[in-house]
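Chains as they are written, first to last, in the working numbering: chain L, -2 to 360; chain P, 81 to 550. Ideal Cβ placement from N, Cα and C applies to all residues, glycine included. Below: the structure, in structure tokens.
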Amino acid sequence: MKKEKVESSAMERKKEVLTNLENFGSRLYGQMEKGSFPWIEMPSRSTENIFYSPEVRQYILGEKTVRRTARNIRHIRPFTQLVWTAYFAHELTQKRKTSTLRDVYYSAQAYDMSFKDQSESNSIIVDLETAVGSSREDFNVFPEERSAVFGDLTIEYTVPGYEGRQLNLASHPDGMMIGPALTYSEFVKTSADKVIVIEKGAMFTRFVEEGVYKKFNSILIYTAGQAPRATRYFIHRLNKEMDLPVFIFTDGDPWGMHIAMVLISGSANAAHLRELTTPDAKWSGVWASDIVDYKLPSDKLTEVDIKRLHELRRDPRYKDELWQREVKKFLKIGRKAEQEAFSRYGLTYIVDEYLPAKLKETA
Amino acid sequence: MENALDASDLMRIPPNIYIRLASTDGTGSGAETYRLRVGDNGSGVPARHIPSAFGQVLFGSKYKLRQTRGTFGLGGTMAILYGQITTHEPAYVASSTGTARIYEYKLMIDIQNNRPIILNHKTHVNKERWHGTVVEFSLEGDYLRAMPKVLEYLKQTAVVNPYANITFADPKGRLYRFSRATTEMPPPPKEIPPHPFGVDVETIQRIMYVTQSRSMLEFMQTHFHRVGGKIAQQFLDFAGIPVSKRPKKMDPKEIVKLVRSLKKFDGFLPPDASCLSPLGEDLLRTGILKELKPEFTAVCQRKPSTYSGHPFIVEVAIAYGGEIPRKDDIILYRFANRIPLLYDEASDVSYRILKSMNWRRYKSSPSMPIALLIHVCSTKIPYKTVGKEFIAGRPEVGREILNGIREVARRLQRFLSKREHVEKQKRRLTTFSKYLPKIAKFSTDLAGKKQPPDIEKLLKSVKKFEERKS
């Protein structure tokens, strides 16, 4: 039963995106046909309209909507950019080509559409996500940054030229890049029973070398700092489709904490999107209490760190007991530690001692 | 030159003025000797007056009260005198009033006795009935240094005399032409007796000397502007002078008393402006458009007003854009009785008013290409100095200038706002025509349609909407 669902997921989503984009165009076409200026209405992304929803366990957009109309001289340029972006996204999705944010910015020039700079084209893409209700990865626009996955997971490609081909993600020790092809692949099978997410590249490599995926029956994912959306979506699918629990290991500081939190509860920037979060994922370390318990080499918190901790303490996503406790603990000890700090006890200590203890503690 | 223009104003003939300045020793730099020749097609000078008119200081045809450029016959003769002092060359004058003869004189001035010395005198037959005057004399000067001022003077003169043809051949052999743009001329000023506020003891004595009046009552009515029987009676009672007193019998003490009373009595009517000859809004506009070639101009003639018994009219014009140069400051052109004032700008009342204005209120700023023209005409321009280069800050005159500037500045503001509006609308339409077709095209592709929707209607509605608004 699980397999059935797995197979349909990526392709279904593609079709849905195409339909959404086509409907978007048809609506505008119809408006112009009737002799009126085309307009759209979409949820407002202003801060007053972003709420944390305890039910969905992520940030969501409220009831407020904004209306953009080509009748308005101030709207017509971004409006045209939006329609072009929809057209371009449709082309990409239909022809199964992928593009990056940077690439979209340049492609626009081929259609005599100009963006002032990349940040303008990026914000139009977010508009399109909001208007159509799909994330940019759904219409094949990917960010530049890449993260990686390693472990016993067999996938089947759906991208053109590789359809039907299967690959085991443990076949390359550097890990497999989580790019468009992996994002759209179908998950076939796995022997793993958990996902371990790691912030730092050095730790990811150490875990691969130490055979963590075998010892702990896990799929390893390297986020390279704040996780790209494709990676968040990938983790979400592993959790949802393969029913795998997710454990997150980050640096022991407010920034590491927040990397874990975004994976779990999402970000305000992506309040218009779903399926990027994994609410049941666990932050397993490095906690402030670990710094004390394991006597880790640590650095003093900077002023910025402390300011950030105070922000996090008031953040609705941090209301659970574990998060509140750790934020307070950081503030109390006034120190932070990186994942690499475990190396003072030898190269394998983190895998032999720390990891099993923490997996047990947070399971 | 000013005399030439006055002569043709009186004749109501559009003037043709020819000026030639030629170097006679030609060192090429510094002070040189030049021969200046000025010719006009004006009324001409009657033969018997020619020697005195050009060879005697203070001999003039302008001892009456009406607005003229010069006043007492000083300018022309003084120029000849200056030439004589610096070069010791005689002056040459030819003139005809359009009779059968042209009279030609070669003369010098006997400086000690203020008398003309006639060196030569010829009479020619005037077949074409030419009328006008030609004066030629030598003088020392430095044309290279004076050139900018000379040309500026001619250009500004052309602005306020748009009905004149002015030709200037300079020592370098260059020919400057300022052609007339109209043959219409302003109505000539009427002659009026002086207003009681404006007379001094000297004037009264001169009038007393020639008067035919047999009583002071009659004297007051005959020789003063806007004084009738009733006012004359009231005034003489006020001054304590018997109405039947014979003017010739007034002694100097009584005359002084009379003048003092004239200034104190508040029953006189203000002078009217029929003796003034402002250029008029149409001619001023013509002159500005012809010489300054601006994109926009507004002119305003203020209502006649008076200061100390002297009537005056202020005319103000503003010119914007076009060939008006962009300077750091608004360019100020000052005129008094249609003569450009070129020197001592910063001391002039107009300059101070201009500086004190808040131009932002008129959507303008001194950095814009703006020229402002102030023309004051009066039977007596309130010059501050004998050099007649700038106008003093009489409050009555200042107020008229200020209000005139405000008026034209408001009109400039309206023009600028309207233009801004039109340009904004144009930009709007351009924007719509640029983007709407693209929206149509991409939507068509997305919707999988073959024909793009008809957006002409939408574009037309934009256009119509703009037109209705503007």
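Compare the C-beta of P:Ser523 against all C-beta atoms of chain L and say whether one is closer than 8 Å. yes
From the beta carbon of P:Phe512, is the nearest beta carbon of chain L less than 8 Å away? yes
With respect to the alpha helix (DSSP H) encompassing P:Glu500, which residues constitute its N-terminal and C-terminal limits? Pro475 to Ala527
Per DSSP, which residues does P:Ile165 bridge with? Please list them. Paired residue(s): none; P:Ile165 is not in a bridge.
Between L:Gly130 and chain P, is any beta-carbon pair separated by less than 8 Å? no
I'd like the span of the beta strand (DSSP E) that includes P:Tyr243, first residue to last. Element bounds for P:Tyr243: n/a, residue is neither H nor E.
Backbone CA spacing between P:Ser497 and P:Glu503 [nearest angstrom]: 10 Å
Roughly how many angstroms separate the alpha carbons of P:Val307 and P:Ile272, rounded to a whole number? 12 Å
Interface flag, L:Val63 vs chain P, CB-CB below 8 Å: no
With a threshold of 16 other CB atoms inside 10 Å of the CB of P:Met265, please say whether the residue is buried or exposed. buried
Rounded to whole angstroms, what is the Cα-Cα separation between P:Ile191 and P:Gly367? 40 Å
Mind pulling the alpha helix (DSSP H) runs of 4 or more residues that sit fully within the region 113 to 177 of chain L? 115 to 129
What would DSSP say about P:His390, mapped onto helix, strand or coil? strand
Output, in chain order, the set of chain P residues within a Cβ distance shorter than 8 Å of L:Ile70. Arg508, Thr511 and Phe512
Who are the neighbours of L:Gly22 on chain P, taking C-beta pairs under 9 Å? Phe522, Ser523, Thr524, Asp525, Leu526, Ala527, Gly528 and Lys529
When DSSP labels each residue in this structure, what does L:Gly282 get in the three-state scheme? strand
Give me the DSSP bridge partner(s) of P:Asp120. P:Thr213
Mapping DSSP to helix, strand and coil, what is L:Leu15? helix
Note down the Cα distance separating L:Arg314 from P:Ser444, rounded to an integer number of angstroms. 56 Å
Distance, Cα to Cα, L:Glu9 vs L:Glu335? 41 Å
Between P:Ile130, P:Tyr400 and P:Leu356, which lies nearest to P:His455 when the distance is taken from Cα to Cα? P:Leu356
Unbroken stretches of the alpha helix (DSSP H), 4 residues or longer, contained in the region 340 to 386 of chain P: 361 to 371
Do P:Pro446 and P:Arg406 have their C-beta atoms within less than 8 Å of each other? no
In three-state DSSP terms, what is L:Gln91? helix
Cross-strand partners of P:Lys310 (DSSP beta bridge): Per DSSP, none; premise fails for P:Lys310.
Helix, strand or coil at L:Phe48 [DSSP, three-state]: strand
Note down the Cα distance separating P:Ile398 from P:Pro95, rounded to an integer number of angstroms. 26 Å
Under 7 Å by beta carbon: chain L residues contacting P:Pro533: Tyr26, Met29 and Glu30
Per-residue contacts from L:Glu126 into chain P (C-beta, under 7 Å): Under the 7 Å cutoff, chain P gives no residues; its nearest Cβ is about 16 Å from L:Glu126.
So is L:Thr82 buried or exposed if we call it buried at 16+ other beta carbons inside 10 Å? buried
I need the DSSP call for P:Ile321, collapsed to helix, strand or coil. coil
Limits of the unbroken alpha helix (DSSP H) element including L:Thr359: Leu352 to Thr359
Give a yes or no on whether 8 Å exceeds the smallest Cβ distance from L:Ala268 to chain P. no
Are the beta-carbon atoms of L:Pro276 and L:Ser262 separated by less than 8 Å? yes
In angstroms with no decimal places, state the Cα-to-Cα distance between P:Leu349 and P:Leu316. 15 Å
Going by alpha carbons, who is nearest to L:Arg182 out of L:Pro75, L:His233, L:Gln163 and L:Arg68? The amino acid at residue 182 of chain L is misidentified as Arg; the sequence shows Ser. Comparing Cα-Cα distances from L:Ser182 to each of L:Pro75, L:His233, L:Gln163 and L:Arg68, the minimum goes to L:Gln163.
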